[in-house]
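Those sequence lines, one after another, are chains A and B.
Every position in the first sequence, counted from 1, becomes a number in this note's numbering once 244 is added.
Every position in the second sequence, counted from 1, becomes a number in this note's numbering once 97 is added.
Every residue gets a Cβ at the ideal spot worked out from N, C-alpha and C, and that includes glycine.
Beneath this line is the structure, given in structure tokens, with notes to follow.
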Amino acid sequence: GAGVSQSPSNKVTEKGKDVELRCDPISGHTALYWYRQSLGQGLEFLIYFQGNSAPDKSGLPSDRFSAERTGGSVSTLTIQRTQQEDSAVYLCASSWVAGDYNEQFFGPGTRLTVL
Amino acid sequence: AQSVSQHNHHVILSEAASLELGCNYSYGGTVNLFWYVQYPGQHLQLLLKYFSGDPLVKGIKGFEAEFIKSKFSFNLRKPSVQWSDTAEYFCAPRSYIPTFGRGTSLIVHP
Numbered sequence: 245g246a247g248v249s250q251s252p253s254n255k256v257t258e259k260g261k262d263v264e265l266r267c268d269p270i271s272g273h274t275a276l277y278w279y280r281q282s283l284g285q286g287l288e289f290l291i292y293f294q295g296n297s298a299p300d301k302s303g304l305p306s307d308r309f310s311a312e313r314t315g316g317s318v319s320t321l322t323i324q325r326t327q328q329e330d331s332a333v334y335l336c337a338s339s340w341v342a343g344d345y346n347e348q349f350f351g352p353g354t355r356l357t358v359l
Numbered sequence: 098a099q100s101v102s103q104h105n106h107h108v109i110l111s112e113a114a115s116l117e118l119g120c121n122y123s124y125g126g127t128v129n130l131f132w133y134v135q136y137p138g139q140h141l142q143l144l145l146k147y148f149s150g151d152p153l154v155k156g157i158k159g160f161e162a163e164f165i166k167s168k169f170s171f172n173l174r175k176p177s178v179q180w181s182d183t184a185e186y187f188c189a190p191r192s193y194i195p196t197f198g199r200g201t202s203l204i205v206h207p
């Protein structure tokens, strides 16, 4: 079956521009996560969607970052007024249900470069 | 706040050598423990996990990990590594919010 997909795979943008990153989770997965991975760093948790509940946004680094999940499926991470420090690989993951014990299935990531 | 520490950032081994990657976390409540692996050019995937019961858990490809509650540790081991084990390994304890360590880059020479 299809795994988690993300688009675009690479995005180069200029400082100050807005970008949108897309994630298509595995069909039927109710939980969706966004992470950021900078060079030499671990995965930094950004936001977590659980079914129809309000998302946990505790990991978003600033108000320039936002995310939405439409229809309980596709999610879009938006970064406004991008800065060079936003350059990183953005990973999306999904799991069957929300819960501390559930395996996350990861997408290939979007590599964002801010010039 | 929950945090995780992976002690080895870069490990280089020859085939057939034994492997142990350290992972310590700080959280006083119930924590579920995961190791994920990312092979070159591939997505992150689950290697093994621990929730309860036998503190020695086995995962894919001959890997195992031991949960030592008193030490807040969940070290990953493999008795004899192969060239195909070359990858990035992430320890990920979780209590509600998932937390990932910085990762350990393992290179196995044939």
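Taking its Cβ as the centre, do 16 or more other Cβ atoms sit within 10 Å of residue i, making it buried, or is it exposed?
i	result
ASN296 (chain A)	exposed
ASN346 (chain A)	buried
HIS273 (chain A)	buried
LYS146 (chain B)	buried
SER339 (chain A)	buried
TRP278 (chain A)	buried
LYS158 (chain B)	exposed
TYR136 (chain B)	exposed
PRO190 (chain B)	buried
ALA275 (chain A)	buried
PRO269 (chain A)	buried
ASP330 (chain A)	buried
Shortest alpha-carbon distance to residue i belongs to which of the options?
i	options	result
THR354 (chain A)	A:LEU276, A:GLY247, A:SER317, A:GLN281	A:GLN281
ALA332 (chain A)	A:LEU356, A:ARG325, A:TYR292	A:LEU356
PHE187 (chain B)	B:CYS120, B:LEU116, B:ASN129, B:HIS206	B:CYS120
PHE349 (chain A)	B:GLU112, B:ALA113, B:TYR133	B:TYR133
SER306 (chain A)	A:THR320, A:GLN324, A:ASP300	A:GLN324
SER115 (chain B)	B:PHE131, B:ILE109, B:LYS175, B:SER100	B:LYS175
VAL178 (chain B)	B:PRO152, B:SER111, B:VAL154	B:SER111
PRO207 (chain B)	B:TYR193, B:ASP182, B:ILE194	B:ASP182
PRO152 (chain B)	B:ILE165, B:PHE160, B:GLU185, B:LEU173	B:ILE165
GLN285 (chain A)	B:THR127, B:ALA113, B:ASN105	B:ASN105
GLN250 (chain A)	A:TYR292, A:SER310, A:SER319	A:SER319
GLN99 (chain B)	B:GLY200, B:PHE169, B:TRP180	B:PHE169
PRO352 (chain A)	A:GLY303, A:VAL341, A:GLU258, A:CYS336	A:CYS336
VAL248 (chain A)	B:GLN142, B:PHE131, B:VAL101, B:SER123	B:GLN142
PHE148 (chain B)	B:ASN172, B:SER167, B:PHE131	B:PHE131
GLU288 (chain A)	A:VAL341, A:TYR334, A:ASP300, A:ALA298	A:TYR334
In this structure, what does DSSP give as the bridge partners for residue i?
i	result
PHE160 (chain B)	Partner(s): none; PHE160 (chain B) has no beta bridge.
TYR208 (chain B)	In the structure as shown, chain B begins at 98 and stops at 207. Residue 208 (chain B) is therefore absent and cannot be evaluated.
SER310 (chain A)	A:THR322
PRO269 (chain A)	None, per the DSSP bridge assignment.
LYS155 (chain B)	B:GLU161
ALA332 (chain A)	A:LEU356
TRP278 (chain A)	A:ILE291, A:CYS336
GLU264 (chain A)	A:THR322
_Residues from the region 294 to 312 of chain A in contact with chain B, defined by Cβ distance under 8 Å_ = ASP300, SER302, GLY303
_Selection of the region 263 to 284 of chain A by Cβ proximity to chain B, strictly under 8 Å_ = TYR277, TYR279, GLY284
*asked:* Please list, in chain order, the residues of the region 150 to 172 of chain B that have any C-beta partner in chain A closer than 9 Å.
replied: none
*Listed from N- to C-terminal order along the chain, which residues in the region 118 to 136 of chain B have their beta-carbon within a distance smaller than 9 Å of any beta-carbon of chain A?*
THR127, VAL128, ASN129, PHE131, TYR133, GLN135
*asked:* Closer than 8 Å between beta carbons: that is the criterion. Which residues of the region 326 to 343 of chain A meet it against chain B?
replied: LEU335, ALA337
*For the region 191 to 207 of chain B, which residues have a CB atom closer than 9 Å to at least one CB atom of chain A, in sequence order?*
ARG191, SER192, TYR193, ILE194, PRO195, THR196, PHE197, GLY198, ARG199, GLY200
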